[in-house]
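**Student:** Just passing along the structure, written as C-alpha cells.
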C-alpha cells in the first residue's frame, strides 16, 4: 500500500501548471518521416474530434509547457526562397507587365483629375486662393475632356441660333410675332424648373454611385491586407506554401476585379503571379474570375482549419475572422457588379435629354422675343447650352464610375499591401 504522501504529491502535480496539458502518444500524421510525441492543449480555440483540445507536436513546446515561438519563426524562414520568389513575381507586375490592365488611365488626363490618387501636392494645388484657382482653371479650359465632349453639341446649338436670328432679320414679322407670343410671358421659363430638378437629381444619384464604388474598393484594400496578414501570422508558421499561395491569389484579386469591371484582359497578370497549374485553372473558369479567386481562397481556408500532413489547424476564432474578411471581399464583388449591371433608369436619362433638347431648341426664339440683339441671342444660347449640356455630361460620366476611378493605383496599393505583410513577416525579429 502506498504512503499517503504519495497521493498528496500526485494530487499536487495534477493541479499544477501541467493540468492544462495532457500528453498522449498518437500515431504520426500521414506524410511524416520522423516519430513525434503530440499533446493536446486545452486553451486553444480549435478542437480535435472527441478531445476538445488542440493537437500540438511536443517538440513545439518548451520546458515550461508553452508553445515554442522560435520554431514558428524557423518554419517561416525555411520557406525564404519561396517568399523571395513571390515578392519577385509580384514586383514584375510593376516593371515587366505592360497591358491596359496595368497602365494608369490618368496618363490621358492633362489637368487635375479624379482618375488618379491624390497626394498632398495635388491638394495644395487644388486649394489655391480663388484668384489663382480660377485663373488656372480658365487657362486650362482647352484641356478639359468634358468641354471637348460637349463642344459639337454647343456648335450645333450656335448654328441653330444663327439660323433663327437670320430668319428674324430677313422676316421682321417673325420678331414682332415672337414678342407677342406666349414665350415672352414665361412659357419657356416653365421648362427651367423641372429641367433643373432632373439635372440635380441625376447628378446626385450619379455621385452616390461613384461614392459606393470608391468605398467598395477601399474595403477591398483593407480586406486583402488583413487576410494576407492573418495568413502570414497564423497559417505560414505551420504551412508556408499554403500561406504563400493564398497571398498570391490575394495579390491577383484586385487585378481580376479591375479586368472584370473595365473589360480588360488579366491573363498576363495571372500568368505572372500564379504557378502554372493554378493559372491554367483560373483562366479556364467560365464564371467571373474574382469569384473563382475567392472560391479558391475559401478552399485554402478550409485546409488551414482542418490541417494537412504535419501542419496544424489554425484556431477556430482566427478562421472565423479570416472568413469574415473573405466575406468582405465577396461584398465588394457584389457591390461592383450591382453598380455595373444597374444604371440609373434609362427612362430618367431619356426624359432629361428630351426636355433639355426642347428647351435649347426654343431658347433662341424666346431670347428674340425679349427684344435682345441677334448677336446677344447667339452668345446666350452658346453659354446656356455649354452649362446645361456640361452638367448632363458630367452626370453621365460619373454614373459609370469604374472608368473614372483610379483603379490601376488602387489595385497597386492592394497588391503592395499583400506584399508588405509578407515582407514584414520575413524581416520580423526573432522572438
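Residue numbers (this note's numbering): 80 to 510. By construction, the Cβ of each residue, glycine as well, lies at the ideal position given by its N, Cα and C atoms. Since we're looking at a predicted model, the values are computed, not measured.
Identify whether residue 393 lies in helix, strand or coil by the three-state DSSP scheme.
**Tutor:** Correct three-state label for residue 393: coil.
**Student:** Please confirm whether residue 300 and residue 489 have their CB atoms less than 8 angstroms apart.
**Tutor:** Yes; because the gap between Cβ atoms is below 8 angstroms, this pair is in contact.
**Student:** Let's see if you can read the secondary structure: which residues bound the alpha helix (DSSP H) around residue 47?
**Tutor:** Residue numbering for the chain in the displayed model covers 80 to 510; residue 47 lies beyond these limits and cannot be assessed.
**Student:** Identify every run of the alpha helix (DSSP H) within the region 336-360, keeping only runs that are complete inside it and at least 4 residues long; order them along the chain.
**Tutor:** Whole alpha helix (DSSP H) segments, 4+ residues: 346-352.
**Student:** Examine the ligand COA and report whether any of its heavy atoms sits within less than 7 angstroms of the Cβ of residue 239.
**Tutor:** Questions concerning the ligand COA fall outside what the structure shown contains, since it holds no ligand whatsoever.
**Student:** So which of 209, 232, 169 has the shortest CA-CA distance to residue 469?
**Tutor:** Ranking 209, 232, 169 by Cα distance to residue 469 puts 232 first.
**Student:** Can you tell me which of the three DSSP states residue 247 falls into?
**Tutor:** Looking at residue 247 - three-state DSSP - the assignment turns out to be helix.
**Student:** Would residue 355 be called buried (16 or more neighbouring beta carbons within 10 Å of its own) or exposed?
**Tutor:** Per the 10 Å Cβ criterion, exposed.
**Student:** Taking all protein chains shown into account, do 16 or more other C-beta atoms lie within 10 angstroms of the C-beta of residue 167, making it buried, or fewer, making it exposed?
**Tutor:** The residue in question, residue 167, is exposed, as its Cβ has fewer than 16 Cβ neighbours within 10 Å.
**Student:** Taking the alpha carbon of residue 291 as the reference point, which residue from 416, 161, 457 has its own alpha carbon closest?
**Tutor:** Ranking 416, 161, 457 by Cα distance to residue 291 puts 416 first.
**Student:** For residue 407, which residues from the same chain have a beta carbon less than 7 angstroms from its beta carbon, with the 5 sequence-adjacent residues on both sides left out?
**Tutor:** Around residue 407: 298, 302.
**Student:** Checking 8 angstroms against the spacing of the C-beta atoms, do residue 477 and residue 289 come in under that value?
**Tutor:** Yes, these two residues count as a Cβ contact at 8 angstroms.
**Student:** Look up residue 436 in the DSSP assignment and say whether it is helix, strand or coil.
**Tutor:** The answer is helix: DSSP assigns residue 436 an H, G or I state.
**Student:** CA-CA distance, residue 493 and residue 350?
**Tutor:** About 18 angstroms.
**Student:** Are at least three pairs of beta-carbons, each pair with one atom in the region 458-466 and one in the region 429-445, less than 8 angstroms apart?
**Tutor:** Result yes; three or more Cβ-Cβ pairs closer than 8 angstroms.
**Student:** Determine the direct distance from the alpha carbon of residue 324 to that of residue 393, and round the result to whole angstroms.
**Tutor:** So the alpha carbons of these two residues sit roughly 16 angstroms apart.
**Student:** Under three-state DSSP, which class holds residue 319?
**Tutor:** The answer is helix: DSSP assigns residue 319 an H, G or I state.
**Student:** Give me, in chain order, the residues of the same chain whose beta-carbon lies closer than 7 angstroms to that of residue 162; leave out the 5 immediate sequence neighbours on both sides.
**Tutor:** Closer than 7 angstroms at Cβ, skipping near neighbours: 323, 501, 505.
**Student:** Is the number of C-beta pairs between the region 331-351 and the region 362-379 that are closer than 8 angstroms three or more?
**Tutor:** Enough Cβ pairs lie closer than 8 angstroms, so yes.
**Student:** Report, in whole angstroms, the separation of the C-beta atoms of residue 471 and residue 267, which I expect to be a contact under 8 angstroms.
**Tutor:** With a Cβ gap of about 18 angstroms, residue 471 and residue 267 do not count as contacting.
**Student:** Closer than 7 angstroms by C-beta to residue 226: which residues in its own chain qualify, once you throw out the five before and the five after it? Chain order, please.
**Tutor:** 220, listed in sequence order.
**Student:** Who are the Cβ neighbours of residue 446 in its own chain at under 6 angstroms, not counting the five residues just before and after it?
**Tutor:** Counting only Cβ-Cβ distances below 6 angstroms, and skipping sequence neighbours, we find 456, 459.
**Student:** Quick check: what's the CA-CA separation for residue 498 versus residue 283?
**Tutor:** If you take the alpha carbons of residue 498 and residue 283, they lie about 38 angstroms apart.
**Student:** Enumerate in chain order the residues of its own chain whose CB-to-CB distance from residue 295 is below 7 angstroms, with the five nearest sequence positions on each side excluded.
**Tutor:** Contacts found: 411, 414, 415.
**Student:** Residue 496 to residue 480, Cα distance in whole Å?
**Tutor:** Distance between the alpha carbons of residue 496 and residue 480 is about 24 angstroms.
**Student:** For residue 206, report the span of its alpha helix (DSSP H) as first-last.
**Tutor:** Per DSSP, residue 206 belongs to no alpha helix (DSSP H) and is neither H nor E.
**Student:** Please report the residue range of the alpha helix (DSSP H) in which residue 166 lies.
**Tutor:** Run containing residue 166: 159-174, per the alpha helix (DSSP H) assignment.
**Student:** Helix, strand or coil: how does DSSP classify residue 145 here?
**Tutor:** Because the pLDDT of residue 145 is 39, which lies under 50, any placement of that residue in the model is unreliable, and the question is left without a value.
**Student:** Are the CB atoms of residue 331 and residue 348 nearer to each other than 8 angstroms?
**Tutor:** Closer than 8 angstroms, so yes.
**Student:** By alpha-carbon positions, which one of 507, 165, 491 ends up nearest to residue 326?
**Tutor:** The candidate whose alpha carbon is nearest that of residue 326 is 165.
**Student:** How would you call residue 404, buried or exposed, if buried means at least 16 neighbouring beta carbons within 10 angstroms?
**Tutor:** Buried, since its Cβ has 16 or more Cβ neighbours within 10 Å.
**Student:** Do we get a CB-CB distance below 8 angstroms when we pair residue 506 with the residues of chain D?
**Tutor:** No chain D appears in the structure shown, which is made up of a single protein chain.
**Student:** Does DSSP put residue 34 in a helix, in a strand, or in coil?
**Tutor:** Since the first residue shown for the chain is 80 and the last is 510, residue 34 is missing from the structure and cannot be characterised.
**Student:** Specify, as a first and last residue, the run of the alpha helix (DSSP H) that residue 467 falls within.
**Tutor:** Looking at the DSSP string, the run of the alpha helix (DSSP H) that includes residue 467 is 453-478.
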